[in-house]
Amino acid sequence: MSERCKTIDRDLSRNGSGYYDPTAYKAMKRVEADEKRYGKDYERFYNLLNTIFYICELAGFHVEGRIVLTDKKTGKVWK
54 MSERCKTIDR
64 DLSRNGSGYY
74 DPTAYKAMKR
84 VEADEKRYGK
94 DYERFYNLLN
104 TIFYICELAG
114 FHVEGRIVLT
124 DKKTGKVWK
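In my numbering, each number is its position in the sequence shown, counted from 1, plus 53.
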């Protein structure tokens, strides 16, 4: 692993106050892994999710619970 990657990993493991935050670090690493694994499908899902939130906001609603979607093309369940 290059020195630059080690520095970036170290930065991600710290919160805004500079304290070690393993929970946030693990979540960020999981998101990065999903982005690599699912590529364009990941981008499609988050674009759709942002559109859903935007439409709800325009209509005067707020999404309270988890949205679960299944990709008809791939069969992947997005939570």
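For every residue, glycine included, the Cβ atom is placed at its ideal position computed from N, Cα and C.
In this structure, the CA atom of K93 is about 10 Å from the CA atom of Y99. The DSSP-derived three-state label of V116 is coil. In the three-state DSSP reduction, V84 falls in the helix class (H, G or I).
About 6 Å separates the beta carbons of D87 and Y95, which is inside the 8 Å limit, making them a contact pair.
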